[in-house]
Structures are given as structure tokens and as C-alpha cells.
Amino acid sequence: MSPFETTSVAVPGGTVVVIVDPDDGAVVASGYGDLAYTFAFLTPAEQARGHVEVAPDAPSVRPAVEALAAYAAGDLDALDRVRVKQPGGPFLERAWDELRGVHAGETDTYAGLAARAGSPTAVRAAGQACARNKVAPFVPCHRILRTDGSLGGYAYGLPVKEALLVHEGVLMA
211 MSPFETTSVA
221 VPGGTVVVIV
231 DPDDGAVVAS
241 GYGDLAYTFA
251 FLTPAEQARG
261 HVEVAPDAPS
271 VRPAVEALAA
281 YAAGDLDALD
291 RVRVKQPGGP
301 FLERAWDELR
311 GVHAGETDTY
321 AGLAARAGSP
331 TAVRAAGQAC
341 ARNKVAPFVP
351 CHRILRTDGS
361 LGGYAYGLPV
371 KEALLVHEGV
381 LMA
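Quick note on our numbering: the sequence shown kicks off at 211 and runs consecutively.
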């Protein structure tokens with residue numbers, strides 16, 4: 211297995227670090243933090259593969275970089291077209307799949323996410339699925355709000371979540 215390849219891209223909310231598996235082109239981790247913070251999302255076995263920083267136009271990272279640039283330019287569905295992989299238990303994987311079904315301009319609640327993932331009473335588990343999402347913003351956990359409509363939490367801070375929702379037209383600046 212090759213080392214993971216990494217790059218960074220400026221988008222609404224800040225700079226996204228992207229970590230890609232060059233063996234299959236899938237984004238395995240990404241987020242609004244530095245490389246060390248984002249790399250820490252990976253399992254110890256994944257971390258053992260190591261990583262190399264590459265230019266944004268490197269073939270492995272180009273699809274993610276182009277999607278992030280298109281998203282920043284207003285193609286709000288561009289992130290949906292990027293292949294991601296993040297293994298987890300059955301509920302987590304269902305919740306992450308359902309998160310990808312909450313499109314730009316839409317929001318859902320933690321309760322709604324739990325129901326969409328097939329476990330309507332698993333509201334806390336839905337919150338954990340958002341908290342454990344290691345491929346933001348490609349899996350858009352920022353689109354999940356509390357039942358009362360307030361923002362709730364976000365691993366990268368509420369200002370980033372708010373900036374993304376403003377960019378997507380959900381909130382007013």
C-alpha cells in the first residue's frame with residue numbers, strides 16, 4: 211500500500227486538509243484543521259501507512275481539489291461527486307450515507323438523521339455519527355441542526371459551520 215497523499219484547499223470556512231488513498235482515489239480524511247489534526251482521525255493502522263504532501267494538481271487529489279474549488283465557486287453539489295471511505299459500524303455507515311443525502315441548501319436534525327438511518331430513537335448515536343465523521347465537508351455533517359433549529363456543535367467550531375451554511379444559502383450573513 212502506498213502512503214496517503216495530502217494537500218490543502220482554501221474554501222468557505224477556512225482551509226480544508228484532504229487525505230486521499232492513492233490506491234483507490236478515495237478521500238479517507240479531510241477537515242478544517244492542520245494536517246496533524248486531520249491525520250489523527252485515521253486509525254493507527256492507517257497512520258502507519260504514512261503520508262506525503264502533494265501539489266493540488268496531483269492525480270490522486272485532483273478530484274477532491276476540483277470539487278472543493280467548484281463548491282467554493284458556487285457549485286454546491288460538487289462535493290457529492292467525490293468518493294469517500296470511512297469504515298465504521300452498521301449504524302455509523304448508514305448515518306454517513308444518509309448525511310450525503312442532505313444536499314446543499316437543506317438541513318436536517320439529529321432526530322431526523324437517526325430516523326433516516328433506520329433508528330429513530332438513536333438521536334445521540336446520530337450526534338456521534340456527526341462527531342466521528344472524518345471526511346468533512348464531503349460528508350456534510352454541518353447540515354445537521356438541533357431540533358430547535360440552533361446550530362448545535364461542530365468539530366471545527368461554530369464559525370466554520372455557520373460560514374458553510376451561509377455559503378449554501380441556509381443562513382443569512
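C-beta: ideal position from N, C-alpha, C; glycine also. Just so we're clear, the structure is a prediction, and the values are computed from it rather than from any experiment.
For the beta strand (DSSP E) assignment, the uninterrupted runs of no fewer than 3 residues enclosed by the stretch 218-261 are, from N- to C-terminal side, 224-231 and 236-241. Burial state of residue 254 is exposed, judged by a 10 Å Cβ sphere holding fewer than 16 other Cβ atoms.
Sequence-distant partners of residue 295 (beyond 5 residues in either direction) whose C-beta falls short of 7 Å from its own C-beta, in its chain, are 236 and 238. Remark: C-beta atoms of residue 240 and residue 226 approach each other more closely than 8 Å. Here residue 331 has 324 as same chain residues with Cβ atoms under 8 Å from its own Cβ, once five neighbours each way along the sequence are excluded. Exclusion of the five residues before and after residue 263 leaves 216 and 217 as the residues of its chain whose Cβ lies within less than 7 Å of its Cβ.
Taking C-beta atoms under 8 Å as the contact rule, residue 243 and residue 315 fail to qualify, at a distance of about 26 Å. Beta-bridge analysis with DSSP links residue 319 to 355.
Cβ atoms of residue 282 and residue 222 come within 8 Å of each other, at about 6 Å. For residue 377, the enclosing alpha helix (DSSP H) starts and ends at 368-377. Distance between residue 359 and residue 299, taken at the CA atoms: about 28 Å.
The beta carbons of residue 342 and residue 319 sit about 18 Å from each other, so the pair does not count as a contact at 8 Å.
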